[in-house]
Amino acid sequence: MVAVLEELVNSLYDMIQEARSVPLSTEKCMIDRERALDILDEIRTSMPKDLEMARAIVEKRNEMVAAGKKEADDLRRKAEEYVRKTVNESALVAEAQKQADEIVSSAEQQAAQLRSAVSTYCSDKLNATEACAQATLEEVRKCRQQFESANQK
6 MVAVLEELVN
16 SLYDMIQEAR
26 SVPLSTEKCM
36 IDRERALDIL
46 DEIRTSMPKD
56 LEMARAIVEK
66 RNEMVAAGKK
76 EADDLRRKAE
86 EYVRKTVNES
96 ALVAEAQKQA
106 DEIVSSAEQQ
116 AAQLRSAVST
126 YCSDKLNATE
136 ACAQATLEEV
146 RKCRQQFESA
156 NQK
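Residue numbering for the sequence shown follows our numbering, beginning at 6 and increasing consecutively.
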């Protein structure tokens with residue numbers, strides 16, 4: 006169809022190009038009116054088919070562009086959702102890690118305080134036991150001296 010249209014337009018162009026000039030004018034020419042109208046009629050009849058094809062091509066292109074945009078929008082939406090989900094998961098992991106670190110730190114502090122308290126308690130009890138043992142030893146020595154003194158008399 007396009008070739009037919011091109012051929013008809015070329016025929017019309019050649020007709021005008023080869024036409025004789027009107028006397029006393031370089032801009033105007035004389036052409037065979039019937040032949041020119043026949044060519045224009047053929048162009049007019051051929052054009053609707055070509056226009057229909059062009060419209061179909063444009064419509065198909067528009068459908069493809071719309072489908073491409075929809076697919077791109079879907080991909081962008083999925084990517085945004087993935088990023089949002091990943092960021093949320095990362096935030097949850099970071100928060101859980103922070104809480105775990107705080108729990109471990111608190112447990113370490115409590116353990117250190119407990120060790121210190123146990124150490125102080127044990128030291129106090131050992132000191133008391135030592136003092137008691139010392140007092141008992143002194144009492145035993147006194148009793149021995151009294152016993153030895155009583156045996157010597």
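Quick reminder that beta carbons are idealized off the backbone N, C-alpha and C, glycines included.
It should be emphasised that the depicted structure is a prediction, and the values quoted were computed from it without experimental measurement.
Since SER16 contacts ILE44 with CB under 8 Å, what's their CB separation in whole angstroms? Right, their Cβ atoms sit about 6 Å apart.
Using CA coordinates, which residue listed in ALA99, SER128, ILE48, LEU42 is at the minimum distance from ALA11? First, the amino acid is wrong: residue 11 is Glu here, not Ala. If we check each option's Cα against that of GLU11, ILE48 comes out closest.
What is the rounded straight-line gap between the Cα of LYS90 and the Cα of ILE108? 27 Å
Coil, strand or helix - SER128 by DSSP: helix
What does the Cβ neighbour count give for LEU56, buried or exposed, with the cut at 16 atoms within 10 Å? exposed
Give me the Cβ distance between MET20 and ARG38, rounded to the nearest whole Å; I'm assuming they're in contact under 8 Å. With a Cβ gap of about 11 Å, MET20 and ARG38 do not count as contacting.
State the CB to CB distance for the pair VAL9 and SER51, rounded to an integer number of angstroms; the pair is presumed to be in contact (CB under 8 Å). 5 Å
C-alpha gap between TYR18 and ALA84, whole angstroms: 57 Å
When DSSP labels each residue in this structure, what does SER30 get in the three-state scheme? coil
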